[in-house]
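Scroll down for the structure; my scribbles are underneath it.
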Ligand code: CO8
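This is how it looks when you write it as structure tokens:
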């Protein structure tokens, strides 16, 4: 499939999706968001893809929603068309693991897009921020909710109210980012993490993703019950038998996603 605002490469069961609007710091316009939805849908239905890595450029993962495109919108237009709601659903629908590899700016919708991925690996050059307040709006695809859950109320209020940027180091300290690496090593690290995931049972990886995401959606008791039931259910799979047999026989497991 041909894209104008993305570069998509699939190799060794990993889909690498690169946001590609270099003249606009990868600002998220309608075309890019629609192409990203399409690309994720294609990954979801492609059996060869076992993990997705989403990245931008050295300068910017994405500097937010495209301000030029949205500046003249009316409330009625935004509300009636559910601005950004529809376009970003695909990210949440994707059941395969998605890693965000972030270098440079991840601001506004860019920070939110990264937070919609399953985890974030950041280059030491990364800068995260929710500067929407400077434009007279608030975050629109989860910033006030996800950043608060990941980093806590105080940090989230600070970021949203002052509009300041945080470094990769602060983002890691705050729980937003799982690892920080030198910029030169970013893609090696992200692709390495993705490769590790492709070696696992895709079935079990999907279950992990569902269970961890439940932690942000339901009360603890419900989340614990959901996890336990998933744990029980996985005993019905060949991959559980294979994983445990391989351990006992001191060999590598050969998962078959069954
Ligand atoms: N939208 C459109 N164009 C942008 C954006 C953007 N968000 N960010 C940068 N650009 C463009 C600039 O206009 C400039 O274009 P041109 O050369 O034609 O003038 C080019 O990219 C380079 O940018 P700068 O010259 O400004 O580069 P600097 O290195 O000086 O600064 C910054 C880089 C700090 C990233 C700066 O460009 C900036 O502050 N950008 C805006 C950041 C921002 O406010 N983001 C939040 C946007 S609102 C938002 O995301 C709402 C979320 C709601 C849901 C989103 C769903 C997708």
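Numbering (the working numbering), first residue to last: 162 to 419. Note that beta-carbon positions come from the ideal geometry of N, C-alpha and C, so glycine has one too. All values reported here derive from a predicted model rather than from experimental measurement.
Original post:
Relative to the alpha-carbon of residue 287, which residue among 197, 305, 338 and 257 has its alpha-carbon at the smallest distance?
Top reply: 338
Original post:
Hey, residue 318 and residue 291 are a contact pair by Cβ (cut 8 Å); roughly how many whole angstroms apart?
Top reply: Going by Cβ atoms, the distance from residue 318 to residue 291 rounds to 10 Å, so no, they are not a contact pair.
Original post:
For residue 336, which three-state DSSP category applies?
Top reply: coil
Subject >> Neighbour-count burial assignment, residue 381, 16 or more Cβ in a 10 Å radius >> reply: exposed
Subject >> Near the ligand CO8: residue 369 beta-carbon under 7 Å from a heavy atom >> reply: no
Original post:
Secondary structure at residue 288, three-state DSSP: helix, strand or coil?
Top reply: strand
**OP:** Using three-state DSSP, classify residue 216 as helix, strand or coil.
**Re:** strand
Original post:
the ligand CO8 heavy atoms versus the CB of residue 327: any closer than 7 Å?
Top reply: no
Original post:
Looking at residue 229 and the ligand CO8, is the gap between the Cβ and the nearest heavy atom below 7 Å?
Top reply: yes
Original post:
At which residue ranges does the stretch 287-370 contain complete alpha helix (DSSP H) runs of 4 or more residues, listed in the order of the chain?
Top reply: 304-312, 314-323, 329-334 and 347-359
Original post:
Exposed or buried, what is residue 257 when buried is set at 16 or more other beta-carbons lying within 10 Å of its beta-carbon?
Top reply: buried
Original post:
Per DSSP, what kind of secondary structure is residue 229 in: helix, strand or coil?
Top reply: helix
**OP:** Counting only the same chain and skipping the five closest in sequence on each side, list residues whose C-beta sits under 6 Å from that of residue 327.
**Re:** 289
Original post:
residue 352: which of 413, 230, 211 and 403 sits nearest, CA to CA?
Top reply: 211
Subject >> Where residue 238 sits in the DSSP three-state scheme >> reply: helix
Subject >> For residue 187 and residue 180, believed in contact at Cβ under 8 Å, the rounded distance >> reply: 4 Å
**OP:** Pick helix, strand or coil for residue 387, following the three-state DSSP scheme.
**Re:** helix
**OP:** Over the uninterrupted alpha helix (DSSP H) stretch that includes residue 402, give me the two end residues.
**Re:** 399-409
Original post:
Can you tell which of 228, 376 and 308 has its C-alpha closest to the C-alpha of residue 322?
Top reply: 308
Subject >> Alpha-carbon to alpha-carbon, residue 333 and residue 420 >> reply: With the chain represented from 162 up to 419, any question about residue 420 goes unanswered, as that position is not in the structure.
**OP:** Could you check which residue in 170, 227, 176 and 214 has the C-alpha nearest to that of residue 194?
**Re:** 227
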